[in-house]
Structure formats: structure tokens, C-alpha cells
Amino acid sequence: MAHLQLTALAGGAGDEMEEVALLGSYDVEAGPVAASDEEAGMRRVQVRVAGMTCSACTGAVEAALSARRGVRRAAVSLLQNRAHVVFDPALAKDEDIVEAIEDAGFEAEILPDSTVSQPKSQKTLSGQFRIGGMTCAACVNSVEGILKKLPGVKRAVVALATSLGEVEYDPSAISKDEIVQAIEDAGFDAALLQSSEQDKVLLSVTGLHTEGDVDVLHDILKKIEGLRQFGVNFGNSEIEIVFDPEVVGLRQIVDTIEMESNDRLKAHVQNPYLQAASNDAQEASKTLHLLLSSLLLSIPVFFIRMVCPHIPLISSFLVMHFGPFCIGDLLKWILVSMIQFVVGKRFYIAAYRALRHGSTNMDVLVVIGTTASYVYSVCALLYGAFTGFHPPIYFETSAMIITFVLFGKYLEVLAKGKTSDAIKKLVELAPATALLLLKDKEGKYSGEKEIDASLVQPGDTLKVLPGSKVPADGVVIWGTSHVNESMVTGESVPISKEVSSPVIGGTMNLHGVLHIQATKVGSGTVLSQIISLVETAQMSKAPIQKFADYVSALLNSLVHKDYL
8 MAHLQLTALA
18 GGAGDEMEEV
28 ALLGSYDVEA
38 GPVAASDEEA
48 GMRRVQVRVA
58 GMTCSACTGA
68 VEAALSARRG
78 VRRAAVSLLQ
88 NRAHVVFDPA
98 LAKDEDIVEA
108 IEDAGFEAEI
118 LPDSTVSQPK
128 SQKTLSGQFR
138 IGGMTCAACV
148 NSVEGILKKL
158 PGVKRAVVAL
168 ATSLGEVEYD
178 PSAISKDEIV
188 QAIEDAGFDA
198 ALLQSSEQDK
208 VLLSVTGLHT
218 EGDVDVLHDI
228 LKKIEGLRQF
238 GVNFGNSEIE
248 IVFDPEVVGL
258 RQIVDTIEME
268 SNDRLKAHVQ
278 NPYLQAASND
288 AQEASKTLHL
298 LLSSLLLSIP
308 VFFIRMVCPH
318 IPLISSFLVM
328 HFGPFCIGDL
338 LKWILVSMIQ
348 FVVGKRFYIA
358 AYRALRHGST
368 NMDVLVVIGT
378 TASYVYSVCA
388 LLYGAFTGFH
398 PPIYFETSAM
408 IITFVLFGKY
418 LEVLAKGKTS
428 DAIKKLVELA
438 PATALLLLKD
448 KEGKYSGEKE
458 IDASLVQPGD
468 TLKVLPGSKV
478 PADGVVIWGT
488 SHVNESMVTG
498 ESVPISKEVS
508 SPVIGGTMNL
518 HGVLHIQATK
528 VGSGTVLSQI
538 ISLVETAQMS
548 KAPIQKFADY
558 VSALLNSLVH
568 KDYL
């Protein structure tokens, strides 16, 4: 079942607008899976809405539902053409929900088996993990099988092309660190990219140079009310914080760190997508370094075996003896040992982890094949040195196998980078910063401040200059301009914007200055929903692909058993 990463704004008459995060708490097919105690006894329905074509349509549907008496929450997905509505059955009925949507000019139909009268008490989180070291469908099936066996894991989907895994789990039964440890124990690299737990954030801190700076940061964090837990990683200059969003906001935490340290320390929210891109670049660089090292050591081995015997001067030198060994054989032994145990160390580590957990992968095959060739060649060399009978040796075989496998892995890393380019380009559409208009105690604008776009909160008033991008979904409250919305609609003609006009985060403001009030931020923006759907598409498998992976896993298992 696919999960949508949605955030909607809802509020009844006279209530303040509140942000409702649905990631991990709403299932497209099965409905909501978690709710607050305040919504106990409420009725929840999914409604199919036809006729929506843009974000303005979703805004109209949400406004119509929110204005209806008894409606507690309303979340509308343009891409799924569905609305999730929570309402008090004593004040409203299903027919009232349908009527409200139809009065707004759209067709509505309540989906069957979509109502839930009581919320589940168990909370479910959804986490996205980066998984490195997978080379084939057998690796994917191995990781998925290990994850599904973990206590508290409800669903696990792994994608080979993007090296990502999406896991739904019960945080009371298992933690994200235990999931990462389970993946690493299976012989793969793992790291958490992002989670649906909205009050847990990873911050990068500039200015942490000494232990004294760390002590200062500790003192600042301990004084922040609402900060429940934090951990400082001095080596990476990172802080992982857990906070109560009802007591303190993320922007307030960042501002407090800067003010209390007299601007010596500056905190920035880490973008998980940029972090993943950095990890991909590091993996590609590391693999290329190993490939070049193996290639530089393998070329002399190849020449000693294939070319040098045909050159009389060099051949006469290589057949000379150094003790009981020929110089040529001794050189090959030294070079191949470096390839086998220094360059190929990663294969031994991965194979050991896989075998320890009763699974096999491509690394096991590489280790078995190359080790067999190397050990036989060493035994043959020693046998010839002490008996005078010299059987053939195959040092070059293990060297070339490791080199070619590393070459394939390097091409695979490059291919994965190309596969994730679509998501990277979508992420780059969002601006990195936003101009926040500050207000004094009387509510008048007193200045402006440049902040990270990730720190924008619903209700903030933002200034959008000509030629800059809109930092979040919102509504124009001052100014007129034209905005290029081609990134969402594909329409090349700029759209006129004036007071009360909706704007979409990531679109380009072309002419005049606009003041907008942010309504949807973070995962609730249209751009974030598009990114989420692209990720979901890459994660999902067609039935024929699942069958192919199953057959491939069986064949790989048979091959591994034959080798073992």
C-alpha cells in the first residue's frame, strides 16, 4: 500500500489554522492509521473528488470543507484526487461533506470501506534509509527479508536503482538505529535519510572547533524549554535533536543557538536529499579510488604473465631466482597479495557479514572465486620452490576478477546517480533561503531577516523579490506581479498574481515585489508531494518485476549453494 507524504491545513470557523502532518499516519487505500486522542469518536472518510486541476482547486475544496460545521480536519491531494475528512458525526453527516464539495463546483463520492470510527492506539512511523552495497535483485530480496523479520516492522520496500529503502515501523518496538544496525549486520551500508517523526531533526553546526565550543553548545541546548533530547556529533559538526513542537519551534531553537553563542555558532537544517547526493558522490569517489588502485597493480601482473615472456631481456631477468623463487613469480605474488587483501578487503567484510546471518550475495561469490585462485597459486608456488616441479599458477586470475568487479561496481554507482537525477533536480527547484518579514509587539512590520527556507512556519509573512523563487505555498497579501508556474503546470505564460491569489513554492516571481503568507511548508507543499510521488514510483514494483526478482533470487541461491 502506497503512503503519501501529505500535509494539509485545516481549521474550523474561528479557529487558528493548524498544520496536520499525514506522513506515516494516513494510508491511501486503508485510511488513517493514527490519530490524536482529541479526535477520538470523530468520523473519518475518504472522498473521491473529480474536477480538480491545480492547487487553487485543492484550496477551494479545503476551504469549503473547513467552513462546514462540524469538520475538524480536511486534507486534499490533487495528485490522488482524494480528500481525507475528519468530522463530528453529531454535527455533520456524510451527505453534508459531499454537498460542501459539490457546492464548490466539484464532483464528490465517498469511497466505500474508508470510514474508521476509532483510531488505532499504535503509532506508526515511516522512515527512508539509504542502503549501500546492493548489486543485484538477490541483495534487494535479502535486505527486504531481513527488515520484514524485525519486530515492529510493518512494511519494507527496497529499490536497487536508487539504493533506498522505505520502512514502516512501530517506534515502541524498534528504533531507527536498530533498523540501521540490522542492515549493516547483513553486510550492507545503511543510514537514515528522513523520518515521519516531525519533532526529530538533524542540524549541522558551523563554528564547532574545540571542546569548549561543544560545552557552550551543550549549555545552550540544556536551557531551551521543550527540547527533550539532543546528541552532539563533534566529528561531523552535527546535532540530532528531539523537541516538543507545541512548546518550542525549530526556528526558535536555531535562533537561540545563534544568539546565546553571540553568533559564534550557526545551525542549519540538513536537507536529506542533499545529504544523499553527497553520500553518492563519496561512494563513487571511493569506488573509483579502489578501481584505479586495483588497475595499477593488475597491469604489471598482466604484463609479467602475457607480454614479458616474449621480450628476451626482461624474460631472462624474470626467470632469475631470488632464493627458491623466480623473480617473476615473486613479483606477481606481492602485487596480487596487495590486490587480494588490501583492495579486496571490502569483499571479505561484506561476505563475512552476509554469511554470519545465513544469507549469500555477490560478494560471497567474488571471495570464493578469487580466494580459491590465490590459495591454489600460493600452494603451487611453494610446492615448486621446494620440489623443483613447477605447476602452473593463476595469480592474474584473482587480480583481474577483482578489477573487473570493481569496474562494474563503479559503473553501477554512476548509473544510480543518473537514476536519482530526477529527484535532485526537483529538490533544486526549491529556494534555499527566504526573506521573513519581522513584526513588533504592535503587529507592525519592523524589518526583514533572511532565514533558511526549511525554517518557514505556517502563518509567516514572506517577502518575494523579483527574480527570486517563492519559498513556500501561500497566499498573496500585498503586491501584484506575474509568476512563472511552468514547473508545476507546464504553462509557459506567466500567471498574474494579486492580493488573495495562491502561489506555489518553487515557482519564479518575475516582476513586482510580493508579500505572501505561508500556508503550507515542508512536506505539505506541492513540490514536496511531487517529490514524494516520484520516490514512491521508484520504490514500487510491477507484479512482473516482483516475479522476476523472485526467480532471480532463487537462481542466485542455487549458484551460491553450488559454490559452497
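Note that the sequence shown covers residues 8 to 571 in our numbering. Ideal Cβ positions, reconstructed from N, Cα and C, are used throughout, including at glycine.
For residue i, three-class secondary structure by DSSP
i      : result
Thr514 : coil
Phe354 : helix
Val123 : The predicted position of Val123 is uncertain, since its pLDDT is 39 and thus under 50; no value can be drawn from it.
Val520 : coil
Asn240 : strand
Ile153 : helix
Gly58  : coil
Glu505 : coil
Glu392 : This sequence places Ala at residue 392; Glu is not what is there. In this structure, Ala392 counts as helix in the three-state DSSP scheme.
Val92  : strand
Gly140 : coil
Leu29  : Residue confidence is low: Leu29 scores 31 on pLDDT, short of 50, so the model does not pin down where it sits. Its coordinate-derived value is still stated next. It is coil, neither helix nor strand.
Ala42  : Bear in mind that the predicted position of Ala42 carries a pLDDT of just 40, short of 50, making it too unreliable to give a figure here.
Ile104 : helix
Gly172 : strand
Val68  : helix
Ser179 : coil
C-alpha gap between residue i and residue j, whole angstroms
i      : j      : result
Tyr390 : Asn240 : 54 Å
Thr532 : Ile227 : 32 Å
Gly31  : Asp459 : With a pLDDT of 33 at Gly31, under the threshold of 50, the predicted position of this residue should be treated as unreliable, though the coordinate-derived value follows. Cα to Cα, Gly31 sits roughly 25 Å from Asp459.
Leu418 : Ser344 : 25 Å
Ala71  : Lys476 : 29 Å
His328 : Leu342 : 18 Å
Ile231 : Val412 : 52 Å
Ser535 : Ile346 : 45 Å
Ala82  : Arg75  : 14 Å
Glu492 : Glu498 : 7 Å
Leu209 : Leu199 : 11 Å
Lys207 : Val541 : 24 Å
Asp34  : Ala57  : With a pLDDT of 34 at Asp34, under the threshold of 50, the predicted position of this residue should be treated as unreliable, and no value is reported.
Pro316 : Ala291 : 37 Å
Ala144 : Ala422 : 16 Å
Ile321 : Lys416 : 35 Å
Gly112 : Ala441 : 35 Å
Asp251 : Val510 : 30 Å
Gly481 : Glu102 : 30 Å
His225 : Gly513 : 36 Å
Thr122 : Leu298 : Any reading at Thr122 needs caution, since the residue's pLDDT is 41, under 50, leaving its predicted position unreliable; the model's value is listed next. Approximately 57 Å, taken between the alpha carbons.
Glu106 : Lys100 : 10 Å
Ala90  : Ser73  : 12 Å
Ile108 : Arg51  : 16 Å
For residue i, the nearest candidate out of the options (CA to CA)
i      : options                           : result
Ile538 : Leu433, Arg76 and Ile246          : Leu433
Ser503 : Leu517, Met494 and Gly512         : Leu517
Leu404 : Glu106, Gln536, Tyr381 and Ala288 : Looking at the sequence itself, residue 404 is Thr, so the reference to Leu does not match. Minimum Cα distance to Thr404 is reached at Tyr381.
Pro178 : Ile246, Thr263, Leu224 and Thr131 : Thr131
Ala358 : Trp340, Thr377 and His317         : Thr377
Phe393 : Val160, Phe332, Thr217 and Tyr383 : Phe332
Ile409 : Leu442, Lys448, Asp101 and Ser305 : Ser305
Val212 : Gly233, Gln188, Glu247 and Gly512 : Glu247
Leu443 : Pro478, Gly424, Leu436 and Lys425 : Pro478
Ala437 : Val483, Ile375 and Met515         : Met515
Glu191 : His489, Lys448, Ser453 and Ile356 : Ile356
Gly194 : Val308, Asp370, Ala99 and Lys155  : Asp370
Phe348 : Lys425, Gln259 and Val374         : Val374
Leu157 : Ser182, Glu245, Thr142 and Gln135 : Ser182
Val276 : Val254, Ser244 and Thr294         : Ser244
Asp287 : Lys425, Ser461, Val52 and Asp222  : Lys425
Leu215 : Glu175, Ser268, Phe237 and Gly233 : Ser268
Gly529 : Ala439, Pro501, Tyr452 and Lys451 : Ala439
Gly519 : Leu362, Val506, Lys155 and Ala525 : Val506
Contact belief for residue i with residue j at Cβ below 8 Å, rounded distance in angstroms
i      : j      : result
Arg137 : Ala197 : 7 Å
Gly256 : Gln464 : 6 Å
Glu116 : Val54  : 7 Å
Gly486 : His522 : 6 Å
Val164 : Gly172 : 7 Å
Asn368 : Ser149 : 6 Å
Gly454 : Leu445 : 5 Å
Val483 : Ser508 : 5 Å
Phe402 : Trp340 : 7 Å
beta-carbon residue i near the ligand GDP non-hydrogen atom, thresh 7 Å
i      : result
Tyr381 : Ligands are entirely absent from the displayed structure, and the ligand GDP is therefore not among its contents.
Exercise. Which ranges would you report for the alpha helix (DSSP H) in the region 256–325 if only whole runs of at least 4 residues count?
Worked result: 257–267, 279–309 and 319–325
For this session: Taking only runs that begin and end inside the region 398–483, name each unbroken beta strand (DSSP E) of 3 or more residues, in chain order.
Result: 440–446, 452–459 and 468–471
Problem set entry | Whole runs of the beta strand (DSSP E) within the region 327–383, excluding any shorter than 3 residues | none
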